[in-house]
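Using the working numbering, you'd call the opening residue of the sequence shown number 162 and step up by one each time.
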Amino acid sequence: MNDIVIFTLEIITCLTISGAVIYVLNPLLNDVLTETCGTQKRALFWVRFTDIMLLISPLLMVIFFTHTGESNAPSSLIIFKDTLFRSLLGEFIGLAIICLLYTSDAADDAM
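So this is what it looks like as structure tokens:
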């Protein structure tokens, strides 16, 4: 496969997974954060921050560990499998960081 096609497919796969996670989380996150933050504007900031983190984190993983440009690039199936793994790992890391931010903020509010 052409390097540009492989790289494009890796990016599209990553953004599709990120978009699905954001689509599922946004309505619930907005309600929880409005309650936690006290105002809609504060909650909206954190919702947008979360959206950006959930896009950037997996994208960095996919771009950094891409198979594009390798002289002995693996088969298309292995590239797709690796892209899925890196995208999901990036989502996990992004969600873990966001969870730490929210829980530390909630702990500060409780004191």
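Glycine included, each C-beta is placed from N, C-alpha and C at the ideal position.
Cβ neighbour criterion (16 or more within 10 Å) applied to PRO188: exposed
The alpha helix (DSSP H) with SER179 in it runs from where to where? 164-198
Does the contact criterion of 3 or more C-beta pairs under 8 Å hold for the region 215-224 versus the region 234-242? no
Would LEU193 pass as a contact of LEU215 if the rule is Cβ separation under 7 Å? Here residue 193 is Val; the residue named in the question, Leu, does not match the sequence. Contact: no.
So CYS276 and THR244 are supposed to be a Cβ contact under 8 Å. How far apart are they, rounded? Since the first residue shown for the chain is 162 and the last is 272, residue 276 is missing from the structure and cannot be characterised.
Is PHE241 helix, strand or coil when you go by DSSP? helix
Is DSSP giving SER236 helix, strand or coil here? coil
Can you tell me whether DSSP reads PHE226 as helix, strand or coil? coil
Suppose you measure from the CA of PHE225 to the CA of LEU205; what does that come to, to the nearest Å? 30 Å
Pick from ASP164, ILE178, ASN163, VAL166 that is closest to ARG247, judged by C-alpha positions: ILE178
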